[in-house]
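Novice: I am attaching a structure below and will ask some questions about it afterwards.
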Amino acid sequence: MVSGDDDLHNDLAATRSALNPMLDAMASILPWVSQTQSARFPPELNKRWQSAWSEFADTWQEHGSTDPTRFRRSAMLIMSLALETADADCLALAESLASAADRLEHQAANNRLHASLQALCEVMTDASDKHLPQGLEHPRLNERLRHFRERLETALRPSGKPGERSDVLDRLFVEDAEERLAHMREALDVLPIDIYGIAEECEGLIAHAEQIEMWGIYHLGRGVHNLSLQLYDASEADQDRAAHAIRAQLDLIEQALRSIEC
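For the sequence shown, our numbering gives the first residue as 301, with consecutive numbering after it.
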């Protein structure tokens with residue numbers, strides 16, 4: 301029995317002896333783990349960085365899309381602070397903002413650029429983000445900077461995808477649609493009503509709207525086309541009612557065209 305106790309004691313001693321090196325290593329690491337990671341950037345620079353982004357967001361929300369000079373000043377402030385950080389991702393995003401400022405001096409922001417800048421402002425000033433007060437020390441800062449740099453660069457370069465929506469395509473569509481609407485109104489005003497002219501112009505409008513996925517105008521156009529079919533072999537009273545309904549639909553299409561930002 302004593303021999304068994306001795307064996308157990310020896311086994312425990314051997315186990316402790318084997319574990320001691322690992323326990324010593326863990327004990328030496330724990331103080332490092334418990335220490336707060338040192339800041340990457342000077343606190344004063346971090347404070348100015350956060351203030352600059354708050355100003356940038358205010359500038360964009362209030363006048364960014366209509367006052368390129370003010371937008372450029374805010375973008376250049378971000379650039380100067382990015383130079384102080386000497387961080388590659390900060391600098392890359394700042395360069396993209398400078399390119400956006402160049403673009404806005406010559407033309408209004410397209411839909412993709414506007415959405416990218418809006419999202420950037422919201423993320424960089426998101427009050428619900430518990431890490432936001434850390435500013436430059438935000439644990440996901442560099443990941444976010446890279447994401448928005450890529451997004452801005454994509455918005456600033458012309459799309460190479462055939463058929464992709466763009467401001468140029470929208471503008472061309474509006475010009476073509478307005479011309480077709482004018483022709484359809486003229487066709488309604490002649491006596492007898494130029495039914496073939498209305499149907500032909502409407503088919504062109506529908507095809508163009510479908511091509512660039514303007515579904516609201518597409519369905520309004522289909523409504524006009526269906527009404528125009530009622531003009532064939534219709535009584536005079538029915539023709540008057542159909543013509544009135546077509547004019548109402550054309551007015552709706554015209555309102556929809558005015559809402560398109562080109």
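Where is the CB? At the ideal position from N, CA and C, for every residue including glycine.
1. Would you call the CB atoms of alanine 401 and alanine 375 closer than 9 angstroms?
2. Kindly indicate the opening and closing residues of the alpha helix (DSSP H) around phenylalanine 341.
3. Measure the C-alpha to C-alpha separation of leucine 441 and arginine 372 and round it to an integer number of angstroms.
4. Could you give the residue range of the alpha helix (DSSP H) that holds glutamate 453?
5. Taking only the alpha-carbon atoms, compute the straight-line gap between glutamine 539 and alanine 556 and give it to the nearest angstrom.
6. Tell me whether tryptophan 349 is buried or exposed, calling it buried when 16 or more other Cβ atoms sit within 10 Å of its Cβ.
7. Does tryptophan 515 pass the burial test, meaning 16 or more other C-beta atoms within 10 Å, or should it be called exposed?
8. Look at the alpha carbon of serine 428 and the alpha carbon of leucine 420, and state the distance between them as a whole number of angstroms.
9. How would you call alanine 542, buried or exposed, if buried means at least 16 neighbouring beta carbons within 10 angstroms?
10. Could you name the residues of the same chain whose beta carbon sits closer than 8 angstroms to that of serine 354, not counting the 5 residues immediately before and after it, in chain order?
11. Does histidine 508 pass the burial test, meaning 16 or more other C-beta atoms within 10 Å, or should it be called exposed?
12. Closer than 6 angstroms by C-beta to arginine 412: which residues in its own chain qualify, once you throw out the five before and the five after it? Chain order, please.
13. Going by CA-CA distance only, name the one from Ala545, Asp533, Leu404 and Ala534 that's closest to valine 524.
14. Does the distance from the CB of leucine 377 to the CB of alanine 409 come in under 9 angstroms?
15. May I have the straight-line CA-CA distance separating histidine 438 from tryptophan 360, to the nearest angstrom?
16. When you compare the CB positions of serine 528 and cysteine 502, do they come within less than 9 angstroms of one another, or not?
17. Of the residues Leu436, Glu479, Val423 and Arg471, which one's Cα is nearest the Cα of arginine 340?
18. With a cut-off of 8 angstroms on the beta carbons, I'd call isoleucine 506 and arginine 485 a contact; round off their distance for me.
19. Would alanine 537 be called buried (16 or more neighbouring beta carbons within 10 Å of its own) or exposed?
20. Looking only at its chain, what residues have a beta carbon closer than 8 angstroms to the beta carbon of glutamate 384, apart from the 5 residues adjacent to it on each side?
Specialist: Taking the geometry as given:
1. Within the sequence shown, residue 401 is the residue found at index 101, counting from 1. Within the sequence shown, residue 375 is the residue found at index 75, counting from 1. For alanine 401 and alanine 375, yes; Cβs fall inside 9 angstroms.
2. As a working mapping, residue 341 is identified with position 41 in the sequence shown. DSSP places phenylalanine 341 in no alpha helix (DSSP H); its state is neither H nor E.
3. Counted from its first residue, the sequence shown places residue 441 at position 141. Counted from its first residue, the sequence shown places residue 372 at position 72. Rounded to whole angstroms, leucine 441 to arginine 372 spans 23 angstroms at the Cα level.
4. Counting from 1 along the sequence shown, the entry for residue 453 is found at position 153. Following the DSSP letters along the chain, one finds glutamate 453 inside the alpha helix (DSSP H) bounded by residues 441-456.
5. Working through the sequence shown from its first residue, we reach residue 539 at position 239. Working through the sequence shown from its first residue, we reach residue 556 at position 256. Their Cα atoms are separated by approximately 26 angstroms.
6. Mapped onto the sequence shown, residue 349 falls at position 49. It counts as buried.
7. Walking along the sequence shown from the start, residue 515 turns up at place 215. By the neighbour-count criterion, in which a residue is buried when 16 or more other Cβ atoms sit within 10 angstroms of its Cβ, tryptophan 515 is exposed.
8. Here residue 428 refers to the residue found at position 128 of the sequence shown. Here residue 420 refers to the residue found at position 120 of the sequence shown. Straight-line Cα distance between these residues: approximately 15 angstroms.
9. Working through the sequence shown from its first residue, we reach residue 542 at position 242. Buried, by the Cβ-count rule.
10. As a working mapping, residue 354 is identified with position 54 in the sequence shown. For serine 354, same chain residues with a beta-carbon under 8 angstroms away, outside a window of 5 residues either side, are Thr425 in chain order.
11. What you label residue 508 is simply residue 208 of the sequence shown in a count that begins at 1. Around the beta carbon of histidine 508, a 10 Å sphere encloses 16 or more other beta carbons of the protein chains shown; the residue is thus reported as buried.
12. The sequence position of residue 412 within the sequence shown is 112, counting from 1. The residues Ala455, in chain order, have a CB closer than 6 angstroms to that of arginine 412 in the same chain once the five nearest residues on each side in sequence are set aside.
13. Stepping through the sequence shown from its first residue, residue 524 is reached at position 224. Out of Ala545, Asp533, Leu404 and Ala534, Ala545 has the C-alpha closest to the C-alpha of valine 524.
14. Residue mapping note: residue 377 aligns to position 77 of the sequence shown, counting from 1. Residue mapping note: residue 409 aligns to position 109 of the sequence shown, counting from 1. No; because the gap between Cβ atoms is not below 9 angstroms, this pair is not in contact.
15. Residue 438 sits at position 138 when you count from the first residue of the sequence shown. Residue 360 sits at position 60 when you count from the first residue of the sequence shown. Take the alpha-carbon of histidine 438 and the one of tryptophan 360: they are about 23 angstroms apart.
16. In the sequence shown, the residue the question calls residue 528 occupies position 228. In the sequence shown, the residue the question calls residue 502 occupies position 202. Yes, the pair counts as a contact, with Cβ atoms nearer than the cut-off.
17. Numbered from 1 along the sequence shown, position 40 holds the residue referred to as residue 340. Of the listed residues, the one whose Cα sits closest to arginine 340 is Leu436.
18. Position 206 of the sequence shown, counting from 1, holds the residue named residue 506. Position 185 of the sequence shown, counting from 1, holds the residue named residue 485. 17 angstroms between Cβ atoms; not a contact.
19. Here the question's residue 537 lines up with position 237 in the sequence shown. Looking at its Cβ environment, which holds fewer than 16 other Cβ atoms inside 10 Å, alanine 537 is exposed.
20. For this step, residue 384 is matched to residue 84 along the sequence shown. Here the set comprises Leu345.
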